[in-house]
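Trainee: Everything in the sequence shown is counted per this note's numbering, starting at 29 for the first residue and increasing by one.
Structure provided below as structure tokens; questions to follow.
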Amino acid sequence: MQIYRKFLRNLLLNYIMGSGIAVVVVGGVIISTTLTISNAEMVRVFFIMITSLCVMMLAEITVFRRHMKPIRQMLERETPDLATIREAYLQTHRFPALSVMRIMGPHFLGLSIPAMTMASIGIARGWLSLPAFYIGLAGIGAVLVASMHALLEFFTTAQAIRPVLIHIRELGQRLYGEDVSLDGRVIVSIQRKFQLSAFLIGTMPLFLFSLATQIRLISESSEMTVDYWKWAGIILLLGVGFSSLGAYMLARDIQQPIGDLYRAMKEVQSGDLQVRASDLYSDEFSQLVAGFNHMVKGLETRDKMNNQLLQSYYSTLAAALDARDAYTAGHSTRVAKYSLLIGQAVDLNEQELDLLNKTALLHDIGKIGVRDDVLLKESRLTDEEFEQIKLHPVLGESILKQIEPAEAMAPLLPGVRSHHERYDGRGYPDGLKGLDIPMFGRIIAVADAFDAMTSDRPYRKGMPARKALAILAEGKGTQWDPRFAQRFIDVYKV
Numbered sequence: 029m030q031i032y033r034k035f036l037r038n039l040l041l042n043y044i045m046g047s048g049i050a051v052v053v054v055g056g057v058i059i060s061t062t063l064t065i066s067n068a069e070m071v072r073v074f075f076i077m078i079t080s081l082c083v084m085m086l087a088e089i090t091v092f093r094r095h096m097k098p099i100r101q102m103l104e105r106e107t108p109d110l111a112t113i114r115e116a117y118l119q120t121h122r123f124p125a126l127s128v129m130r131i132m133g134p135h136f137l138g139l140s141i142p143a144m145t146m147a148s149i150g151i152a153r154g155w156l157s158l159p160a161f162y163i164g165l166a167g168i169g170a171v172l173v174a175s176m177h178a179l180l181e182f183f184t185t186a187q188a189i190r191p192v193l194i195h196i197r198e199l200g201q202r203l204y205g206e207d208v209s210l211d212g213r214v215i216v217s218i219q220r221k222f223q224l225s226a227f228l229i230g231t232m233p234l235f236l237f238s239l240a241t242q243i244r245l246i247s248e249s250s251e252m253t254v255d256y257w258k259w260a261g262i263i264l265l266l267g268v269g270f271s272s273l274g275a276y277m278l279a280r281d282i283q284q285p286i287g288d289l290y291r292a293m294k295e296v297q298s299g300d301l302q303v304r305a306s307d308l309y310s311d312e313f314s315q316l317v318a319g320f321n322h323m324v325k326g327l328e329t330r331d332k333m334n335n336q337l338l339q340s341y342y343s344t345l346a347a348a349l350d351a352r353d354a355y356t357a358g359h360s361t362r363v364a365k366y367s368l369l370i371g372q373a374v375d376l377n378e379q380e381l382d383l384l385n386k387t388a389l390l391h392d393i394g395k396i397g398v399r400d401d402v403l404l405k406e407s408r409l410t411d412e413e414f415e416q417i418k419l420h421p422v423l424g425e426s427i428l429k430q431i432e433p434a435e436a437m438a439p440l441l442p443g444v445r446s447h448h449e450r451y452d453g454r455g456y457p458d459g460l461k462g463l464d465i466p467m468f469g470r471i472i473a474v475a476d477a478f479d480a481m482t483s484d485r486p487y488r489k490g491m492p493a494r495k496a497l498a499i500l501a502e503g504k505g506t507q508w509d510p511r512f513a514q515r516f517i518d519v520y521k522v
């Protein structure tokens, strides 16, 4: 609860400061220096202001408590659930914008409506010797003062919420191991923030000065008032126009580099580590862009290293498997090479070729589970022993399913399981037929058969490549996929 009490204290201090500057200093000084009324009437005016302030405070506290409720409930619990933590985190981020809503809502209306109502009654009963249109001028002044207060409140609240946000994030990480964040959600855009802020900063003094001068000139001749507004109107238009243009240009100058960085970040998120943010800026954004590009370059280097390590892992695992049998040494590597020949011939993309290569390297991984006296037998296998050998595609799939992360292994599983299926449906382990056999399984079946026919075995010599290609041609459409078998025959160089 200490963080909650500190948060409330900071909000209260910020509110008092903002109210003091906007309402008491600006509003009070303008009233006391521009109105020409008796001391008794000045007391009545300040009574109206104090009464209105009490109404305003009551309305604003009611809304403030409702806005604070999700944050208070989360901070009061020792172990809040994750949904409560996320709701409190989002509500805390909303607090600067909500503070503006409170200022322009219960604060502004709670102050101006009672004040204007009591002033109207005072004028009607003769308690105040002020023209009735002063009430309209007071309403305009209230809008200006509320806008100034809202601007101050927004930025001071944005600073006050940071310790609370840090506490909530740490709580989510400690209790649930979750990194609580907005996930890119924008509560208040930079464009709106800069445009409104710059506009208010530029135009507020002009409007306040014009309003105060108008009140002072009311006691003078109407001709002087008309002359005043001829040039004051031009000054106001120029001031508003310049402030609007300046606010737009400032917001654009900030938004453009952020937009460039965001687009580059989206490219990196999609997997493109070649992207670089354009360094077109001479301010602090130059440092930010340089840091971003340095980070992406580091990610690219690490990604290349990881890919090399991963590829070495697959190759080493395949080599370790082949090393069990001197007669099949290099078999997995050759099958991978032949499979890639077929994949390139049928225009598989780079990602598909990478997965095909990995699948082919590990296609016989299930033979690790076959006994040495069966796998390394130098004579022909018995029917029972061959049935054990036929289990290796299923064993290979089972082994790969144990490797984490599972999503990295998932694309390899169909090809490993199905590389001994036949196109006519007489293969194993599932008896799949035709295009029901996964594509990688159909490709590897051709490459595996060709290497098996051309490699030496204890009980026979490997046949010449030409004869093996002829057998592939004869088996198109029965044992092997006719398209893949023919493409291998076409591209293989004897």
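For each residue, glycine too, the CB sits at the ideal point set by N, CA and C.
Roughly how many whole angstroms lie between the Cα atoms of K97 and N38?
Mentor: One C-alpha to the other measures close to 17 Å.
Trainee: From the DSSP output, in three-state form, read off R485 for me.
Mentor: Strand.
Trainee: What's the C-alpha gap between G503 and G358?
Mentor: Between G503 and G358, the C-alpha separation is close to 25 Å.
Trainee: Spatial neighbours of F123 within its chain, please: C-beta separation below 6 Å, excluding the five flanking residues on both sides.
Mentor: Here the set comprises T185 and I189.
Trainee: With distances taken Cα to Cα, identify the nearest neighbour of G274 among Y309, D311 and S225.
Mentor: Considering only alpha carbons, the answer is S225.
Trainee: Between the beta-carbon of P134 and the beta-carbon of V91, is there less than 8 Å?
Mentor: Yes; because the gap between Cβ atoms is below 8 Å, this pair is in contact.
Trainee: Across which residues does DSSP place K504 in a beta bridge pair?
Mentor: Its beta-bridge partners are W508.
Trainee: Measuring straight from C-alpha to C-alpha, what distance separates Y342 and Q430?
Mentor: Distance between the alpha carbons of Y342 and Q430 is about 15 Å.
Trainee: Within 10 angstroms of the Cβ of H177, are there 16 or more other Cβ atoms? Answer buried if so, exposed if not.
Mentor: When all chains shown are included, H177 counts as buried.
Trainee: From the DSSP output, in three-state form, read off P159 for me.
Mentor: Note: P159 maps to coil in three-state DSSP.
Trainee: Alpha carbon to alpha carbon, how far is S340 from L278?
Mentor: Cα to Cα, the separation comes out at about 52 Å.
Trainee: Would DSSP call E8 helix, strand or coil?
Mentor: The structure shown does not extend to residue 8, since the chain spans only 29 to 522, so no value can be given for it.
Trainee: Between which two residues does the alpha helix (DSSP H) holding S148 run?
Mentor: Looking at the DSSP string, the run of the alpha helix (DSSP H) that includes S148 is F136 to R153.
Trainee: Is the CB-CB distance between D479 and R362 below 8 Å?
Mentor: Against a cut-off of 8 Å, the Cβ pair of R362 and D479 comes out as a contact.
Trainee: How close, in whole Å, do the beta carbons of G230 and F182 come, if the pair is a contact with beta carbons under 8 Å?
Mentor: Their Cβ separation, rounded to whole angstroms, is 17 Å, which puts G230 and F182 out of contact at 8 Å.
Trainee: When the Cα atoms are used, what is the spatial distance from G462 to S298?
Mentor: Their Cα atoms are separated by approximately 35 Å.
Trainee: Taking the straight line between their C-alpha atoms, what separation do you get for A87 and M129?
Mentor: So the two alpha carbons sit approximately 13 Å from each other.
Trainee: Give me the residue from R93, H448 and A174 with the minimum Cα distance to A477.
Mentor: Checked all of R93, H448 and A174; the closest Cα to A477 is H448.
Trainee: Are the CB atoms of S446 and G469 within a distance shorter than 8 Å?
Mentor: Contact flag set, yes.
Trainee: In this structure, does DSSP put A305 in helix, strand or coil?
Mentor: Note: A305 maps to coil in three-state DSSP.
Trainee: Just confirm the distance between the C-beta atoms of L376 and L384, as a whole number of angstroms; I'd bet it's less than 8 Å.
Mentor: The pair is a contact, with the Cβ atoms about 7 Å apart (cut-off 8 Å).
Trainee: Where does the unbroken alpha helix (DSSP H) through M96 begin, and where does it stop?
Mentor: From DSSP, the alpha helix (DSSP H) with M96 extends over N67 to E104.
Trainee: Note down, in chain order, each residue of its chain lying with its Cβ closer than 6 Å to the Cβ of T371, except the 5 sequence neighbours on either side.
Mentor: Sequence check: residue 371 is Gly here, not Thr. If we look at G371 and ignore the five residues flanking it on each side, its Cβ neighbours are L381 and L384.
Trainee: Assign M323 to buried or exposed, taking buried as 16 or more other Cβ atoms, counted over all protein chains shown, within 10 Å of its Cβ.
Mentor: M323 comes out exposed.
Trainee: Could you give the distance in angstroms between the alpha-carbon of L14 and the alpha-carbon of S140?
Mentor: Only positions 29 to 522 of the chain appear in the structure, and residue 14 is not among them; the question remains open.
Trainee: Straight-line CA distance for F161 to F74?
Mentor: Rounded to whole angstroms, F161 to F74 spans 19 Å at the Cα level.
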